[in-house]
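Position 53, counted from 1, in the sequence shown is what this note's numbering calls 853; the numbers after and before it change by one each time, with no gaps. For every residue, glycine included, the Cβ atom is placed at its ideal position computed from N, Cα and C. Here the structure is a predicted model, which is why all the values come from computation and not from measurement. Read the structure below first, then the notes.
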Amino acid sequence: MDFSTKLKKEMVNLLEEIKDVFLLKQKGTEWFAFDTFPDDKTTNYDYAIGMVAARDREIILRKLAELGVLELKQDKREPRSEIHETNFQLRLNKSKFTQLYEEFKKVAITNAASNKGILLYLDREGGFWLDPKEEFCYLMDRDSERLKILTYLVDNEGYRLTDEVAEYIGGKNKQNVRSEIGKIKRNIKTFLQLNDVIQSKPSSGYRINPVYKVIKVGF
């Protein structure tokens, strides 16, 4: 699908909002109400801006309908004064919605990391996460070699030789270190949806990709 950068950002925001409404407020309901008028544009001063945003969001909704991600219809039962035309009823194709949401979320995260850097968090209990933590968290055992390896890479900038890492975790052989780092990378990709947090280079070893800033919590 070909979407502009601006449209991708708006799409991610709208998908997030729909997900919140559907999962948190409309549990088990097939059709549910959705207002395209932004909640933060409710003053008279912002009315015109809000209506522009509402029209843009309606365009995205209709695009999602064309893709079979959802069905929508105008909601005439709950008019909202002058802007009742921004009220809709939605029904999601759950599998297509989830697939599209995950795809766009992954693109948004990757773009943020590439363009601006992104914050990650590591705590002493073994949690390694990206906000929101409840969605993107890889949990290791607090006494595991994997947590020790990840902590070592976070604490030591630049590439670290495999021998250094092996010595730090108690003199394990290099193959064991490589295997553990491979598992860490796969789990980060699975749970945080990031595939380039740990970088490797022949003869140089491993490092934390400098586009990420890892904040240690509770150490």
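Going by beta carbon distance, what residues of the same chain come within less than 6 Å of tryptophan 831, once the five residues before and after it are set aside?
Closer than 6 Å at Cβ, skipping near neighbours: Gln889 and Arg891.
Taking the Cβ atom as the reference point for each residue, do isoleucine 860 and leucine 900 lie within a distance shorter than 9 Å?
It is not a contact, given that the beta carbons lie outside the stated cut-off.
Where do the ends of the beta strand (DSSP E) carrying tyrosine 1006 lie?
Where tyrosine 1006 is concerned, the enclosing beta strand (DSSP E) stretches over 1005-1008.
Just the Cα atoms here: how many angstroms apart are lysine 974 and lysine 933?
C-alpha separation (whole angstroms): 32 Å.
In the structure shown, what three-state DSSP assignment does serine 1000 receive?
Strand, per DSSP.
Taking isoleucine 1015 and tyrosine 1006 to be in contact with their CB atoms under 8 Å, please state how far apart those CB atoms are, rounded to whole angstroms.
Contact flag wrong, Cβ pair sits at about 20 Å.
Thinking C-alpha only, which one of Leu867, Lys1001 and Gly970 is nearest leucine 961?
Closest by alpha carbon: Lys1001.
Starting from the C-beta of arginine 942, find all residues in its chain whose C-beta is less than 8 Å away, skip the five residues before and the five after it, and write them out in chain order.
Cβ neighbours of arginine 942 beyond the five flanking positions: Arg924, Glu925 and Gly926.
Does DSSP classify glutamate 925 as helix, strand or coil?
If DSSP states are grouped into helix, strand and coil, glutamate 925 belongs with coil.
Within the segment 921-997, note down every full alpha helix (DSSP H) run reaching 4 residues or more, in order along the chain.
Taking only runs of at least 4 residues, the alpha helix (DSSP H) segments lying wholly in the segment 921-997 are 945-955, 962-968 and 974-992.
Would DSSP call phenylalanine 837 helix, strand or coil?
Note: phenylalanine 837 maps to coil in three-state DSSP.
Report the rounded CA-to-CA distance for cysteine 937 versus serine 979, giving the unit in angstroms.
Approximately 21 Å between the Cα atoms of the pair.
Could you tell me which of Phe837, Phe928 and Thr898 sits nearest to lysine 985, measuring between CA atoms?
It is Phe928.
Alpha carbon to alpha carbon, how far is tyrosine 1012 from phenylalanine 834?
If I take the Cα positions, the gap works out to 36 Å.
Kindly give me the distance between the Cβ atoms of leucine 922 and valine 954, rounded to whole angstroms, as I take these residues to be in contact under 8 Å.
So it is a contact: roughly 6 Å between Cβ atoms.
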